[in-house]
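Here the structure is laid out as structure tokens; the discussion comes afterwards.
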């Protein structure tokens with residue numbers, strides 16, 4: 001079992017470069033709508049805290 | 001006041017502060033690190049997996065869900081500590097909410113692959129939190145995309161693939177065979193290469209077809225391996 005270590009500040013400093021690569025990889029895609037079902041409890045909680053329906057998806 | 005109750009009071013204060021951290025990934029990891037500080041003496045080391053791990057590695061707002069999947073067993077002794085920290089256990093037994101916050105933890109009774117790898121993140125508090133490695137979460141998403149053809153894991157796999165280091169590329173090429181995700185990995189790499197040269201993104205129907213074809217290829221190669229054995 002391998003574990004690497006990173007400092008959160010370093011991770012956040014590198015964020016712009018990382019985001020740019022991922023932006024290029026996903027260019028043209030629309031934000032996806034979750035299709036994998038969630039438990040009713042989880043869906044209700046996420047709805048209560050204002051999570052968009054697109055991210056909650058269907059309930060089991 | 002006993003030392004133990006003082007510690008819990010301190011941790012409750014720290015968890016309340018952590019819940020106010022603006023950066024979602026950092027907030028999540030600080031909270032998981034505080035949980036780890038009470039679970040570690042029991043030999044339990046929580047690991048962040050699932051959608052929050054995808055969010056950590058990709059930082060894409062469109063993948064945020066606020067629920068935090070954590071792999072850790074929760075024996076009664078840890079359940080008591082979590083309650084002392086302010087977590088409320090849901091009736092289903094696997095979800096935990098932190099009173100007065102939008103924190104939702106899910107600790108299902110699952111275990112990680114024996115060869116799973118982690119990233120340990122050193123936090124501003126001085127604590128450390130563990131998160132599933134980018135290669136492992138990529139293999140999870142490839143698995144899900146192959147099984148479902150859904151667009152969410154396809155996009156997540158493309159995003160994770162985009163930022164792999166040279167070492168991680170070697171690692172996934174080694175481990176994808178064992179995990180049974182070679183065909184879908186190659187398919188996602190083809191999508192990425194095609195899009196990089198200006199091809200349009202595949203639509204939902206095409207993604208389902210790609211996933212079905214990869215599943216067939218994977219099944220077929222496994223059948224050949226079985227005959228060769």
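Chains as they are written, first to last, in the numbering used here: chain A, 1 to 60; chain B, 1 to 229.
By construction, the Cβ of each residue, glycine as well, lies at the ideal position given by its N, Cα and C atoms.
- DSSP, reduced to helix, strand and coil, places residue 131 of chain B within a strand of the structure shown.
- Taking 8 angstroms as the cut-off between beta carbons, the residues of the region 91-110 of chain B near chain A are 91, 92, 95, 97, 102, 104, 106, in sequence order.
- In this structure, the alpha-carbon of residue 2 of chain A lies about 11 angstroms from that of residue 171 of chain B.
- Of all residues in the region 29-51 of chain A, the ones placed with a Cβ closer than 7 angstroms to any Cβ belonging to chain B are 29, 31, 32, 34, 35, 36, 39, 41, 42, 45, 46, 49, 51, in chain order.
- The region 116-124 of chain B and the region 181-196 of chain B do not touch, with fewer than 3 CB-CB distances between them shorter than 8 angstroms.
- Not flagged as an interface residue toward chain A: residue 189 of chain B, since no C-beta distance is shorter than 9 angstroms.
- For residue 19 of chain A, the neighbours in chain B by C-beta distance under 7 angstroms run, in chain order, 59.
- Linking residue 16 of chain B to residue 91 of chain B through their CA atoms gives a straight-line distance of about 24 angstroms.
- Between residue 13 of chain A and chain B, the shortest Cβ-Cβ separation is not below 9 angstroms.
- For residue 192 of chain B, the nearest CB of chain A lies under 9 angstroms from its own CB, placing it at the interface with that chain.
- Contact note: residue 145 of chain B does not reach chain A at a C-beta cutoff of 9 angstroms; the least C-beta distance is about 11 angstroms.
- Taking residue 26 of chain A as reference, the option from B:59, B:26, B:33, B:31 with the minimal CA-CA separation is B:59.
- Approximately 5 angstroms separates the beta-carbon atoms of residue 25 of chain B and residue 56 of chain B; this is inside 8 angstroms, confirming the contact.
- Under DSSP, residue 201 of chain B takes part in no beta bridge, so it has no partner.
- Here residue 164 of chain B carries a coil assignment [DSSP, helix/strand/coil].
- Within the region 60-84 of chain B, 60, 61, 62, 63, 64, 65, 66, 67 place their CB atoms closer than 9 angstroms to a CB of chain A, listed in sequence order.
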